[in-house]
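Heads up: the sequence lines are chains A and B, in that order. Each residue of the first sequence is one higher than the one before, starting from 23 at the first, in the numbering used here. Each residue of the second sequence is one higher than the one before, starting from 21 at the first, in the numbering used here. Virtual Cβ for every residue (Gly too), placed ideally from N, Cα, C. A short write-up of the structure that comes next.
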Amino acid sequence: MLSAVDPSKVKVLVAMSGGVDSSVTAALLKTQGYNVIGVHMQLSDHTDQNFEEMGGRCCSIVDSNDARKVCDRLSIPYYVINAEDEFKEAVIDYFVHEYLQSRTPNPCAECNTKIKFNYLFQKAEELGCDAVATGHYAQIVYDHKTKLSKLTKAVDPQKDQTYFLFGLTESAVSRTFLPLGGLSKMAVRKLAEEYQLVNANKEDSMEICFIGKAGYADFIDKNVSEKLRPSGVIQTLDGATIGEHQGLHHFTIGQRKGLNLKPQEQHDYFVLGFDRKQNVVLVGPEEYLFKRTLFATHINWINPVDQLKPFKCKAKIRSRHEEAVCLVTCFENKTVQVEFDIPQRAITPGQAIVFYQNNEVLGGGYIEKTLDS
Amino acid sequence: MSQKNKIYLDSNAGAPLLPLVREKLKALLDHPSLANPSSIHSDGRVAKKLLLDARESIAQSIFKNQNSSDQIVLTSSGTEANQTVIQSVLTEAFVTKKRPHWITSAVEHDSVMQMREWFEAQGGIVTLVGVDLKGSVNLKSLENEIIPESTALVSLVWVNNETGVVSPVEEVSKITKQNKIPLHLDGAQAWGKIELNYNELSPDYLTFSSHKIGAPAGVGIIALGKNVKFAPLIFGKQEKGRRGGTENLFGIVGAGVAASTLNPKLYEESISPKREYLEQLLARLIEGVKINGMGSQRVCNTLNLSFEGVHGDGLVMALDLAGYCVSSGSACSSGALEPSHVLMAMGLSKKEAMAAVRVSLNYDISLQDIDHFVENLATIVNRIRNAASKRPVSQTEQNVF
Numbered sequence: 023m024l025s026a027v028d029p030s031k032v033k034v035l036v037a038m039s040g041g042v043d044s045s046v047t048a049a050l051l052k053t054q055g056y057n058v059i060g061v062h063m064q065l066s067d068h069t070d071q072n073f074e075e076m077g078g079r080c081c082s083i084v085d086s087n088d089a090r091k092v093c094d095r096l097s098i099p100y101y102v103i104n105a106e107d108e109f110k111e112a113v114i115d116y117f118v119h120e121y122l123q124s125r126t127p128n129p130c131a132e133c134n135t136k137i138k139f140n141y142l143f144q145k146a147e148e149l150g151c152d153a154v155a156t157g158h159y160a161q162i163v164y165d166h167k168t169k170l171s172k173l174t175k176a177v178d179p180q181k182d183q184t185y186f187l188f189g190l191t192e193s194a195v196s197r198t199f200l201p202l203g204g205l206s207k208m209a210v211r212k213l214a215e216e217y218q219l220v221n222a223n224k225e226d227s228m229e230i231c232f233i234g235k236a237g238y239a240d241f242i243d244k245n246v247s248e249k250l251r252p253s254g255v256i257q258t259l260d261g262a263t264i265g266e267h268q269g270l271h272h273f274t275i276g277q278r279k280g281l282n283l284k285p286q287e288q289h290d291y292f293v294l295g296f297d298r299k300q301n302v303v304l305v306g307p308e309e310y311l312f313k314r315t316l317f318a319t320h321i322n323w324i325n326p327v328d329q330l331k332p333f334k335c336k337a338k339i340r341s342r343h344e345e346a347v348c349l350v351t352c353f354e355n356k357t358v359q360v361e362f363d364i365p366q367r368a369i370t371p372g373q374a375i376v377f378y379q380n381n382e383v384l385g386g387g388y389i390e391k392t393l394d395s
Numbered sequence: 021m022s023q024k025n026k027i028y029l030d031s032n033a034g035a036p037l038l039p040l041v042r043e044k045l046k047a048l049l050d051h052p053s054l055a056n057p058s059s060i061h062s063d064g065r066v067a068k069k070l071l072l073d074a075r076e077s078i079a080q081s082i083f084k085n086q087n088s089s090d091q092i093v094l095t096s097s098g099t100e101a102n103q104t105v106i107q108s109v110l111t112e113a114f115v116t117k118k119r120p121h122w123i124t125s126a127v128e129h130d131s132v133m134q135m136r137e138w139f140e141a142q143g144g145i146v147t148l149v150g151v152d153l154k155g156s157v158n159l160k161s162l163e164n165e166i167i168p169e170s171t172a173l174v175s176l177v178w179v180n181n182e183t184g185v186v187s188p189v190e191e192v193s194k195i196t197k198q199n200k201i202p203l204h205l206d207g208a209q210a211w212g213k214i215e216l217n218y219n220e221l222s223p224d225y226l227t228f229s230s231h232k233i234g235a236p237a238g239v240g241i242i243a244l245g246k247n248v249k250f251a252p253l254i255f256g257k258q259e260k261g262r263r264g265g266t267e268n269l270f271g272i273v274g275a276g277v278a279a280s281t282l283n284p285k286l287y288e289e290s291i292s293p294k295r296e297y298l299e300q301l302l303a304r305l306i307e308g309v310k311i312n313g314m315g316s317q318r319v320c321n322t323l324n325l326s327f328e329g330v331h332g333d334g335l336v337m338a339l340d341l342a343g344y345c346v347s348s349g350s351a352c353s354s355g356a357l358e359p360s361h362v363l364m365a366m367g368l369s370k371k372e373a374m375a376a377v378r379v380s381l382n383y384d385i386s387l388q389d390i391d392h393f394v395e396n397l398a399t400i401v402n403r404i405r406n407a408a409s410k411r412p413v414s415q416t417e418q419n420v421f
């Protein structure tokens with residue numbers, strides 16, 4: 023448990039995006055007396071970037087400079103770590119590959135697990151650091167009984183980011199500081215002003231960092247050969263063709279907009295799924311979107327769970343989903359079956375499913391498919 | 021690990037300001053009447069005198085003859101010096117030759133490497149002469165690459181900034197003279213470190229940089245051979261019309277002072293045993309260490325190291341936290357994090373090249389500093405190797421999507 027140690031003896035590597043959250047994280051830890059080192063992960067090549075277009079975006083050169091200024095202000099060392107290759111492989115390639123499988127990926131969760139924590143921990147160890155800190159809105163609670171650290175939700179439900187952090191291990195959580203978990207965004211901005219940080223009023227980054235304004239489908243169109251994303255038709259469940267599409271990756275389950283159907287048909291149709299062999303988008307009425315049972319893979323439990331008997335908890339199936347009560351049954355190979363008490367709308371393969379017990383994040387994985395007929 | 025005083029081991033990126041330079045420049049800041057050296061009035065004349073004295077001192081250190089100060093063109097940087105020479109000679113070559121050809125090496129400084137794109141865009145042909153595994157330029161292939169009617173310039177780094185390997189400049193000079201091809205030597209890392217026998221070599225163009233010899237950054241020098249062709253990059257009346265722009269008086273005075281102190285023999289005698297000591301300690305205390313450029317003639321202060329299984333940048337950061345300033349690759353390319361083209365040209369793998377760090381010594385390092393440095397280095401290298409071997413793999417990572 024880190025908090026029991028004399029702060030000045032704890033060397034903390036703070037992941038600094040250049041945004042206000044990670045900057046305040048560094049400032050708070052520094053004020054508490056920790057030995058803080060700021061690190062900015064460069065995730066994409068800056069040299070080709072259009073300065074105007076990319077300014078203010080995550081990982082841009084502007085952000086790197088902001089992070090540098092904050093570290094200067096706090097008198098802490100600052101380094102830029104290049105993680106372009108790692109990011110490309112773990113996040114961008116995964117993202118593209120998932121869409122080409124007609125799945126809807128969650129790149130931020132992958133990035134958190136593999137880049138912001140795994141890779142960062144490796145760097146932290148290289149630099150002789152004892153802990154890592156980030157500006158995520160989530161909390162870590164030490165359980166004195168089990169002697170394990172738990173990941174719990176942020177106090178501000180609007181900012182809670184635990185949905186994206188299910189891939190952490192207990193060993194990582196126990197060596198992590200998340201000082202913003204108990205604060206509201208307003209309080210964080212206020213602190214940034216008090217600390218006189220340059221980015222106190224900088225806008226939050228909202229979209230997926232490597233996707234420009236043109237959107238994710240455009241990104242895939244630009245990066246993938248046309249042969250791998252052929253156009254095709256839109257059909258109803260009874261096989262009637264009612265429209266055309268420019269590649270399955272333009273669609274996600276539950277989508278209604280952008281189907282370009284004949285005007286009189288528009289109202290009734292939602293994307294229900296895909297027939298990848300025939301390259302068809304399947305549409306139908308909204309009630310068909312509600313499913314009770316799903317199968318998820320790549321499950322990570324932050325603290326051990328009893329996998330021998332099914333247990334009740336709540337699950338969240340996308341970032342803006344209101345978590346719902348379910349029964350989880352564990353199988354081998356890190357897979358689970360999840361049965362919701364009440365059918366859930368638009369359960370989407372590729373999206374993360376995250377399990378909660380009250381405020382604690384038990385773990386999570388990726389939705390493979392729904393099992394209802 | 022001790023974290024008391026910083027130990028500076030990055031002289032090849034920028035040598036520490038010499039005490040004498042610091043003293044003179046401090047005095048200059050308090051000078052009552054510093055003006056533009058081109059001004060006619062008395063204050064201008066004072067500035068002009070400082071400028072001329074500095075120029076003579078620089079000329080003296082290069083030509084061993086201060087009357088040669090007209091053969092010097094002062095620029096803003098070594099990069100500008102190199103690029104001025106290259107543009108000047110090769111632009112002229114488009115007039116006199118059908119398809120001009122430029123020979124340079126695969127281990128040049130970026131400031132030279134970057135001119136390839138420019139020259140090729142104009143329609144010129146570039147040949148990069150390779151190096152052997154020890155980093156030495158292949159003389160045979162340099163000679164073979166010469167196309168008598170087309171080759172317009174040979175540009176070669178005298179001392180490599182990353183490895184310290186000394187190029188066989190005497191032989192190259194013979195080859196270029198026999199073939200009547202202008203020779204451009206980039207002497208930035210040679211200045212003050214090895215004896216410059218200017219008259220024996222008489223290169224047509226020789227370039228230097230002020231911050232490599234303990235003066236502030238901001239002054240580059242082109243030493244012109246007798247009767248060589250030259251066209252400016254920046255037009256203006258200064259530098260006898262060869263480089264426009266008001267002179268950087270502070271920088272030039274600093275460069276003059278630093279140049280006057282240079283003593284390659286003393287440098288070698290003082291630093292060479294220290295590097296030898298460092299190399300022996302490394303070999304004894306750290307496993308899986310490789311000295312890049314070993315076996316070639318190297319300047320005495322430079323040591324380029326690869327540690328098996330260690331990323332150079334992580335090592336540079338960890339050493340910095342422990343109080344040691346070193347470089348990974350060359351300072352200019354850090355941040356871009358491309359593997360060093362110099363080490364790649366020497367046959368290292370991308371991984372080995374990324375694992376390299378450069379240690380460059382200066383007068384002020386003591387044997388005790390070296391002991392502590394190697395001690396810390398060993399700890400850090402072990403730590404990095406451990407971190408890489410037990411990277412905390414999350415459960416999701418073990419699966420491939």
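My understanding is that residue i touches residue j, with C-beta atoms under 8 Å, so please give their C-beta distance in whole angstroms.
i	j	result
residue 36 of chain A	residue 60 of chain A	5 Å
residue 188 of chain A	residue 325 of chain A	Not confirmed; about 12 Å, so no contact.
residue 30 of chain B	residue 380 of chain B	6 Å
residue 135 of chain A	residue 373 of chain A	That pair is no contact at about 15 Å.
residue 394 of chain A	residue 313 of chain A	5 Å
Helix, strand or coil for residue i per DSSP?
i	result
residue 218 of chain A	coil
residue 158 of chain A	coil
residue 379 of chain A	strand
residue 22 of chain B	Note that residue 22 of chain B scores a pLDDT of 42, beneath 50, so its modelled location is shaky and nothing firm can be said.
residue 213 of chain B	coil
residue 129 of chain B	coil
residue 73 of chain A	Bear in mind that a pLDDT of 45 at residue 73 of chain A, under 50, signals an unreliable position, so the number given afterwards is only what the model happens to contain. The answer is helix: DSSP assigns residue 73 of chain A an H, G or I state.
residue 388 of chain A	strand
residue 277 of chain B	helix
residue 418 of chain B	Caution is warranted here: a pLDDT of 40 is assigned to residue 418 of chain B, below 50, making its placement in the model unreliable, and no coordinate value can be reported.
residue 18 of chain B	In the structure as shown, chain B starts at 21 and stops at 421, and residue 18 of chain B therefore has no counterpart that could be examined.
residue 110 of chain B	helix
residue 169 of chain B	coil
residue 76 of chain B	helix
residue 229 of chain B	strand
residue 27 of chain B	strand
residue 266 of chain A	strand
residue 36 of chain B	coil
residue 340 of chain A	coil
residue 31 of chain A	helix
Using DSSP's beta-bridge definition, name the partner residues of residue i.
i	result
residue 136 of chain A	BP columns for residue 136 of chain A are empty, so no partner.
residue 63 of chain A	A:103
residue 359 of chain A	A:317, A:351
residue 199 of chain A	A:155
residue 231 of chain A	In the DSSP output, where bridge partners are listed per residue, residue 231 of chain A has none listed.
residue 306 of chain A	A:292
Can you list the beta strand (DSSP E) stretches of 3 or more residues lying completely in the segment 296 to 351 of chain B, in chain order? 309 to 312, 322 to 327
Notebook entry, point to check: Can we say the segment 197 to 215 of chain B touches the segment 340 to 347 of chain B, given the rule of at least three CB pairs closer than 8 Å?
Noted result: no
Task: the segment 351 to 360 of chain A contacting the segment 308 to 321 of chain A, beta-carbon criterion three pairs below 8 Å - done: yes
Checklist entry - Is the segment 109 to 128 of chain A in contact with the segment 298 to 310 of chain B, if contact means three or more CB pairs nearer than 8 Å? => result no
If contact is defined by three or more beta carbon pairs under 8 Å, each pair taking one atom from either stretch, is the segment 162 to 177 of chain A in contact with the segment 192 to 211 of chain A? yes
message = Taking 8 Å as the cut-off, does the segment 29 to 39 of chain B touch the segment 228 to 246 of chain B (at least 3 CB pairs, one atom from each stretch)?
response = yes
query = Within the chosen definition, does the segment 82 to 97 of chain A reach the segment 373 to 390 of chain B through at least 3 CB pairs nearer than 8 Å?
reply = no
Which runs of the beta strand (DSSP E) spanning at least 3 residues fall entirely within the segment 240 to 266 of chain B, listed in chain order? 240 to 244
**Message:** With three or more C-beta pairs closer than 8 Å as the rule, is the segment 361 to 371 of chain A touching the segment 212 to 225 of chain A?
**Reply:** Taking one beta carbon from each stretch, the segment 212 to 225 of chain A and the segment 361 to 371 of chain A have fewer than 3 pairs nearer than 8 Å; the two do not touch.
Exercise. Going along the chain, which unbroken runs of the beta strand (DSSP E) with 3 or more residues stay wholly within the segment 350 to 411 of chain B?
Worked result: As summarised for the segment 350 to 411 of chain B, the continuous beta strand (DSSP E) elements at least 3 residues long and confined to that stretch are 376 to 380, given in chain order.
(Q) Taking 8 Å as the cut-off, does the segment 281 to 291 of chain B touch the segment 239 to 259 of chain B (at least 3 CB pairs, one atom from each stretch)? (A) no
Contact the segment 323 to 332 of chain B vs the segment 307 to 315 of chain B: 3+ CB pairs below 8 Å:
yes
query = So does the segment 313 to 324 of chain B actually touch the segment 386 to 406 of chain B, counting three or more Cβ pairs closer than 8 Å?
reply = Under the 8 Å Cβ criterion, the segment 313 to 324 of chain B does not count as touching the segment 386 to 406 of chain B, having fewer than three qualifying pairs.
Requested in this report: Evaluate contact between the segment 243 to 253 of chain B and the segment 356 to 370 of chain B, counting only Cβ atoms and requiring at least three cross-stretch pairs below 8 Å.
Outcome: With the cut-off at 8 Å, the segment 243 to 253 of chain B and the segment 356 to 370 of chain B do not touch.
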